[in-house]
Amino acid sequence: MSDRISGVQAKLKEQCPSALYVHCSNHALDLVLQEVVREVRVVADTFNFVRSVSVVVGESSKRKMLFQSMFGDDEAVCNLLSLCPTRWAVHKRAISRVVSSYTALLQTLKMLEQDKTVRGDTREKVSGLYKQATTAKTYSGFLCCEALFGPCDTVARALQSEKASAKGALECVSALRHCMHGLREDGFIQEMSAKVAACAERNNLKMPLPPRINRTHARLRDTEETEAIVTDVGEQQWQREFYEA
Numbered sequence: 013m014s015d016r017i018s019g020v021q022a023k024l025k026e027q028c029p030s031a032l033y034v035h036c037s038n039h040a041l042d043l044v045l046q047e048v049v050r051e052v053r054v055v056a057d058t059f060n061f062v063r064s065v066s067v068v069v070g071e072s073s074k075r076k077m078l079f080q081s082m083f084g085d086d087e088a089v090c091n092l093l094s095l096c097p098t099r100w101a102v103h104k105r106a107i108s109r110v111v112s113s114y115t116a117l118l119q120t121l122k123m124l125e126q127d128k129t130v131r132g133d134t135r136e137k138v139s140g141l142y143k144q145a146t147t148a149k150t151y152s153g154f155l156c157c158e159a160l161f162g163p164c165d166t167v168a169r170a171l172q173s174e175k176a177s178a179k180g181a182l183e184c185v186s187a188l189r190h191c192m193h194g195l196r197e198d199g200f201i202q203e204m205s206a207k208v209a210a211c212a213e214r215n216n217l218k219m220p221l222p223p224r225i226n227r228t229h230a231r232l233r234d235t236e237e238t239e240a241i242v243t244d245v246g247e248q249q250w251q252r253e254f255y256e257a
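Encoded structure:
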């Protein structure tokens, strides 16, 4: 629509050569989110996983039926959503679908990995996705992206409203900034870590191993007291990755 060759932008330039082209507020938000995806590894890895899973499961009606059959009788069946390449704010809905159906997704990937009728190249993809899905780090990435993109989705809806205005856009920016600062509170990180631990216990996910401890050699220390070692595990790792995003 805004194509500079034959779109609205070009037609407006014909009528008013001095007119300046600027992105709409929602498009500007999408451009910012694109940069986040490019620069932050945990976000990029999460979206790549969602994209790959939606393709593997969605390209076959048999796999779709298998995925839907993994839900219990008292559970609402939810289908996976593919990612829109241009509307980054709506990615939150696709992520939420994966979070709410994580157990069913794990079971589906496990069965597809063991299914001899699945093509070799597809089984190889499924095997890699299943291995990635069985780590608590992957699930923490989903919670991280859900928390980050949830407020962005709400703001995107407001920016696309018929009543949207420049003043309203500035208010949305202020509210979004305030919300993002709130996500850095310790209480939220602890809550997210508890959700990761609960999901890991429920689905037997692999928690991160503590890093190797490097102690200072005794000859380089001026005291005989035991060296205090601070390890970066569990909640501290989630917090560091979340703050990076």
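Numbering (the working numbering), first residue to last: 13 to 257.
Glycine included, every Cβ here is placed at the ideal spot set by N, Cα and C.
The C-beta distance from V138 to L117 rounds to 11 Å, too long to meet the 8 Å contact threshold. Your pair V68 and S152 does not check out as a contact, with CB atoms roughly 22 Å apart and the cut at 8 Å. Excluding its 5 nearest sequence neighbours in each direction, A170 has C-beta neighbours in its own chain below 8 Å: A176, G180, C184, listed in chain order. Inter-segment contact for the segment 45 to 55 and the segment 147 to 163 is present: three or more beta-carbon pairs are separated by less than 8 Å. Rounded to the nearest whole angstrom, the C-alpha separation of M77 and F83 is 11 Å. By the Cβ criterion, the segment 129 to 146 is not in contact with the segment 187 to 205, since fewer than three pairs of Cβ atoms, one from each stretch, lie closer than 8 Å. With distances taken between CA atoms, N215 lies nearest to T146 out of H190, T146, E174.
The shortest CA-to-CA distance from A210 to any of K149, K74, F161, G19 is the one to K149. Y33 has its alpha-carbon roughly 13 Å from the corresponding atom of E26. In this structure, DSSP gives K218 an extended state, which the three-state scheme calls strand.
For M77, the uninterrupted alpha helix (DSSP H) run begins and ends at 73 to 81, by DSSP. In terms of CA proximity to L182, N38 leads the group S30, N38, D127, C28. Residue pairing by DSSP places T147 opposite K218 in a beta bridge. Residues T146, T147, A148, Y151, C211 of the same chain have their beta carbon placed closer than 7 Å to that of L217, with the five preceding and five following residues left out of the count.
Here DSSP, grouped into helix, strand and coil, assigns Y33 to coil. Of all alpha-carbon atoms in A22, G199, V48, S73, the one lying nearest the alpha-carbon of L160 is that of V48. Within the segment 114 to 189, the runs of alpha helix (DSSP H) that reach at least 4 residues and sit entirely inside it are, in chain order, 114 to 126, 132 to 145, 148 to 171. Distance from the CA of L124 to the CA of F59, rounded to the nearest whole angstrom, comes to 21 Å.
For L41 against A187, the beta-carbon gap comes to about 13 Å, at or over 8 Å, which does not count as contact. Distance between R109 and V20, taken at the CA atoms: about 36 Å. Excluding sequence positions up to five before and after Y142, its CB lies within less than 7 Å of the CB of L121, K122, E125, all in the same chain and listed in chain order.
L195 carries a coil assignment under DSSP once its states are collapsed to helix, strand and coil. The alpha carbon of S64 has as its nearest neighbour, out of M192, R135, E197, the alpha carbon of R135. Excluding five sequence positions before and after D127, the CB atoms of its chain that fall closer than 8 Å to its own CB belong to R135, given in chain order. An exposed status is given to L43, since fewer than 16 other beta-carbon atoms sit within 10 Å of its beta-carbon.
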